[in-house]
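Reading through the structure tokens given below for one structure.
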Amino acid sequence: MLPRPQVLYGAAAMSVAALVFSYLQEREQEQELGERTVTTAQFRRAMGDLELTVSQRTEMQRFWRSLCKKMKQQQQEQSLGSTEGAEQTKVVLLQRMPSDGVDEDDGQTVNMHEIHKFAHEYQRVFPDLFPEQQLLLATELAATYPKWNGIVESTSSMIMSTSKRFQDIAKDTKGEMQQAVHRTVRNFVERALNIVADRLKNQLKDPHMPEYLKVNIDVLVDKFMPDVKVEIFRKTRDLLSPQQHAKPHNPVVPAHERTEELSWFRKLRAKVLYHLFPYDKSIWMSLRDPWWVFFTCVGIFPVIGQLWWLFLFTIKDKTNEHQLCQFIIGFKVAQFITLGLFYTCFGVLSYVSCIAAGSMVLCHERGPRLEPWNAFFFILQIALVWTAFFRLPYTVRPAESKHALLYRSNSLRTDAAGNTRPRRVYHDVFGNELHLNRGGYLMKFCGYETVSFSIIVLMICAIMWLPFVDWQRKALLFWIRTAYGLFSFPYIAFKIPVLATVLMHTRRMGYNEFGETVRVAKLKQPESDKEKKHL
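Below, the structure is given as structure tokens:
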């Protein structure tokens with residue numbers, strides 16, 4: 086056991102040591118806190134974060150400007166070797182600085198110890214005006230900004246780098262998974278379509294059918310099935326990876342301002358093309374548009390319709406594949422209705438009226454006939470069709486990204502060794518590239534048009550060579566023109582929506598309100614239809 090006085094001395098020594106240690110620790114903390122610095126920008130930010138009155142904010146700004154001026158003067162005196170710090174402090178205190186000066190240095194850095202020291206002196210000079218507590222609170226808050234900024238910057242950089250790494254990994258994984266899924270779906274769909282093709286051949290054939298018909302059925306199905314696969318693969322691709330069309334980067338200009346910039350002819354062109362071939366309307370929505378009904382009916386009338394189609398050919402975008410194909414199909418279908426059906430009914434009714442009148446002279450004078458001015462419009466129609474067909478190989482097809490689900494079996498040729506090689510590229514005499522696959526099967530109808538035109542020319546030559554009287558020759562030319570219109574009947578197949586997509590493989594394009602050729606927009610489903618499906 087230690088003696089009692091030694092225990093007391095030991096306890097007193099430990100207490101004194103603890104007091105000295107705590108004092109030294111507090112002094113060290115005060116020095117560390119005093120060594121912190123505050124910039125003008127941080128001080129302004131701290132004042133903005135605090136709820137201060139107008140007078141408090143004004144006095145704190147004056148205090149800071151006075152302190153900054155004092156620090157600058159001290160730096161100048163130290164450079165000159167002067168030691169008149171106390172007098173300079175009094176001068177600065179007595180000269181209250183304005184609160185909205187423009188010469189304040191935003192990069193000025195002040196030590197926390199200097200701020201506290203100058204604040205006590207400033208409080209003694211202006212005890213009623215200076216908000217010392219709010220100033221000290223603002224400086225403490227401003228001193229913590231660099232610490233938090235460093236933590237936030239390091240944390241944000243770490244988060245950004247980690248998220249970028251995860252995004253790269255997810256993108257690679259997503260791409261590989263999508264390619265694997267697409268290959269699996271493509272193989273499954275292709276096998277299913279091959280089974281459908283075999284069953285279709287068996288259903289179309291009959292045991293008692295001639296052998297050459299059976300062979301032609303196989304050839305027809307085998308030739309038509311690759312085109313069906315292309316469209317089914319494209320639809321499957323859109324279902325598996327729907328593309329979100331990005332908005333154009335061009336600044337959006339109001340419709341009325343853009344329309345005012347157009348000339349009167351461009352306004353007329355935009356109005357006609359948008360109402361006839363809108364990019365954002367279905368056929369059922371267009372049927373409710375009076376302008377669509379009017380513009381469509383104009384092309385059916387005999388003489389006016391021919392001029393109308395010439396006007397459409399002038400204003401349409403003839404560089405786009407889909408638009409030129411739609412013009413050829415629409416024009417040929419209008420020929421079938423006008424030159425074929427309408428004039429057939431007109432000729433039959435004319436002969437019936439002659440029979441009812443019982444006069445051959447009446448048939449000579451009022452019977453169906455082709456006048457010279459009608460022959461001119463007939464030649465104009467033929468020239469218009471041939472011009473459109475000759476322009477088709479030069480059209481542009483919108484670019485489409487390569488995809489595992491999108492390929493065409495007959496786009497590559499196979500040699501004897503089983504290797505595939507690309508098709509041959511053709512050029513005209515001027516060096517321009519010819520795309521003979523434009524329009525799909527519609528381009529092959531150019532041969533059908535050639536045969537039809539040749540038959541008509543031979544019949545006209547025979548009529549002009551044989552010894553017919555004038556009214557007989559005009560009547561026969563009338564029926565030749567009618568036959569040419571009836572020859573346009575096969576083009577109706579391209580008007581069937583699903584069949585037209587398979588036959589042509591064109592990217593659907595339309596016109597916006599300004600007459601610009603754009604992709605057809607995907608129509609949104611009405612909310613009422615969605616609610617019905619949920620029910």
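My numbering puts the first residue of the sequence shown at 86, with every later residue one more than the last.
Glycine included, every Cβ here is placed at the ideal spot set by N, Cα and C.
Quick caveat: nothing in here was measured; it's all calculated off a predicted structure.
- Between residue 465 and residue 566, the gap from beta carbon to beta carbon reaches 7 angstroms or more.
- Residue 481 counts as exposed, since fewer than 16 other beta carbons sit within 10 angstroms of its beta carbon.
- Note on geometry: alpha-carbon atoms of residue 446 and residue 553 lie some 16 angstroms from one another.
- Cβ neighbours of residue 545 within its own chain (closer than 8 angstroms, five residues either side excluded): 562, 565.
- Proximity of the segment 435-453 to the segment 526-546 falls short of the contact definition, fewer than three beta-carbon pairs being nearer than 8 angstroms.
- Between the alpha carbons of residue 124 and residue 223 lies a gap of roughly 12 angstroms.
- Remark: C-beta atoms of residue 590 and residue 516 do not approach each other more closely than 7 angstroms.
- Closest option to residue 406, judged by alpha-carbon separation, among 162, 158, 602, 510: 602.
- Residue 412 counts as buried, since no fewer than 16 other beta carbons sit within 10 angstroms of its beta carbon.
- In this structure, residue 359 sits near residue 598, with a CB-CB distance shorter than 7 angstroms.
- Following the DSSP letters along the chain, one finds residue 354 inside the alpha helix (DSSP H) bounded by residues 349-361.
- Contact between the segment 378-396 and the segment 530-541 is absent, with fewer than three C-beta pairs closer than 8 angstroms.
- In the same chain as residue 203, and ignoring 5 residues on each side of it, the C-beta atoms closer than 6 angstroms to its own belong to 152, in chain order.
- Counted as a single uninterrupted DSSP element, the stretch harbouring residue 592 is not any beta strand (DSSP E), since DSSP gives it neither H nor E.
- Comparing C-alpha distances from residue 558 to each of 575, 593, 452 shows the shortest one belongs to 452.
- DSSP, reduced to helix, strand and coil, places residue 603 within a strand of the structure shown.
- Here residue 435 has 452, 453 as same chain residues with Cβ atoms under 6 angstroms from its own Cβ, once five neighbours each way along the sequence are excluded.
- Excluding residues up to 5 positions away in sequence, 354 lie with their Cβ nearer than 6 angstroms to the Cβ of residue 400 in the same chain.
- Residue 560 and residue 420 have their alpha carbons spaced roughly 19 angstroms apart.
- Pairing residue 403 with residue 523 gives a Cβ-Cβ distance that is not under 7 angstroms.
- Classified as exposed, residue 280 has fewer than 16 neighbouring CB atoms from the shown chains inside 10 Å of its CB.
- Residue burial annotation: residue 209 is exposed, with fewer than 16 other C-beta atoms found within 10 angstroms of its C-beta.
- Here residue 587 is near residue 313, since their CB atoms are less than 7 angstroms apart.
- Of the candidates 304, 293, 298, 311, 311 places its Cα closest to the Cα of residue 274.
- In the displayed model, residue 272 falls within a helix according to three-state DSSP.
- Nearest Cα to residue 287 within the set 136, 594, 302, 277: 302.
- Of all alpha-carbon atoms in 414, 437, 468, the one lying nearest the alpha-carbon of residue 575 is that of 414.
- When 448, 387, 308 are compared, the shortest CA-CA separation from residue 458 is found for 387.
- For residue 480, the secondary structure class from DSSP, reduced to helix, strand or coil, is coil.
- For residue 514, the secondary structure class from DSSP, reduced to helix, strand or coil, is coil.
- Residue state for residue 122 is assigned as strand, using DSSP reduced to three classes.
- Residue 366 and residue 278 have their C-alpha atoms roughly 32 angstroms apart.
- DSSP places residue 194 outside any alpha helix (DSSP H); the residue lies instead in the beta strand (DSSP E), whose first and last residues are 194-196.
- The beta carbons of residue 150 and residue 197 sit no closer together than 7 angstroms.
- Distance from residue 380 to residue 361 at the Cβ level is roughly 5 angstroms; contact confirmed, criterion being Cβ atoms closer than 8 angstroms.
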